[in-house]
Amino acid sequence: SGINAEWRLKNGTEQQTGALQKGFYEVVPKHLLSAFDEKELELIVCGLGHVDIDDWRANTKLKGCSPDSNIVKWFWKIVEEMDNEKRARLLQFVTGSSRAPISGFSGLRGSSTVNSGPRPFTIHLVNSMSGGSLPKAMTCFNRLDLPEYVSFEVMRNKIITAIEETMGFNVE
453 SGINAEWRLK NGTEQQTGAL QKGFYEVVPK HLLSAFDEKE LELIVCGLGH
503 VDIDDWRANT KLKGCSPDSN IVKWFWKIVE EMDNEKRARL LQFVTGSSRA
553 PISGFSGLRG SSTVNSGPRP FTIHLVNSMS GGSLPKAMTC FNRLDLPEYV
603 SFEVMRNKII TAIEETMGFN VE
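All the letters of the sequence shown, read from the start, carry residue numbers 453 to 624 under our numbering.
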């Protein structure tokens with residue numbers, strides 16, 4: 453049942469989580485970690501890893517747009533121009549993780565407890581969003597919602613701002 457699962461997640465692992473945390477703080481003092489947010493800490497602990505753009509592109513679903521849409525062409529040009537750290541941050545922004553699964557992008561799963569099955573990376577053109585809006589990420593669905601930006605430069609600036617400056621969900 454949902455209540456049982458919630459208890460297991462919150463209370464059922466409290467002792468183990470406490471022991472792991474205590475051991476971690478013995479290696480890395482807690483005060484040194486306060487300078488980092490959870491995204492930066494993941495990158496520090498896990499490292500960058502290589503992002504395979506060809507695999508990413510081959511396993512990306514498009515919604516409301518086509519491979520010939522400017523938004524899609526510009527997205528891949530932006531990704532290609534990024535260094536590995538920015539690609540990892542973009543992945544983290546959209547999927548909640550800075551790395552693709554070990555099996556590649558075809559192995560992306562949803563982070564929702566309701567449906568944790570396959571959830572491909574999705575570029576979603578949202579006509580109702582203002583062209584001045586930041587992109588929005590739906591991490592449970594590995595989906596990046598983008599408005600119809602007027603130019604490549606505007607889109608690049610909005611994506612960079614979103615991955616570097618936003619925190620939490622649906623922040624603009």
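Glycine residues also receive a C-beta, built at the ideal position from the N, C-alpha and C atoms.
Alpha-carbon to alpha-carbon, residue j and residue i
{"i": "CYS592", "j": "THR547", "result": "7 Å"}
{"i": "GLY569", "j": "GLY562", "result": "6 Å"}
{"i": "LYS515", "j": "ALA471", "result": "44 Å"}
{"i": "GLU624", "j": "VAL480", "result": "In this prediction, GLU624 has a pLDDT of 36, which is less than 50 and means its spatial position is unreliable; nothing more can be read from the coordinates."}
{"i": "ALA552", "j": "GLY559", "result": "8 Å"}
{"i": "ASP407", "j": "VAL531", "result": "This structure gives no information on residue 407, because the portion of the chain shown stretches from 453 to 624."}
Local Cβ density within 10 Å of residue i, reported as buried at 16 or more and exposed below that
{"i": "VAL497", "result": "exposed"}
{"i": "ASN597", "result": "Reading off the sequence, residue 597 comes out as Asp, not Asn. Under this definition ASP597 is a buried residue."}
{"i": "PHE488", "result": "exposed"}
Cut-off 7 Å between Cβ atoms - residues of its own chain near residue i, not counting five sequence neighbours on either side
{"i": "PHE545", "result": "ALA589, ALA614, ILE615"}
Residue i, DSSP secondary structure in three states
{"i": "THR512", "result": "strand"}
{"i": "THR465", "result": "coil"}
{"i": "HIS483", "result": "helix"}
{"i": "ASP507", "result": "helix"}
{"i": "PHE488", "result": "coil"}
{"i": "GLY475", "result": "helix"}
Cβ neighbours of residue i in the same chain (closer than 8 Å, five flanking residues each side left out)
{"i": "GLN467", "result": "none"}
In chain order, what are the residue ranges of uninterrupted alpha helix (DSSP H) at least 4 long that sit wholly in the stretch 550-624?
Correct list: 604-617.
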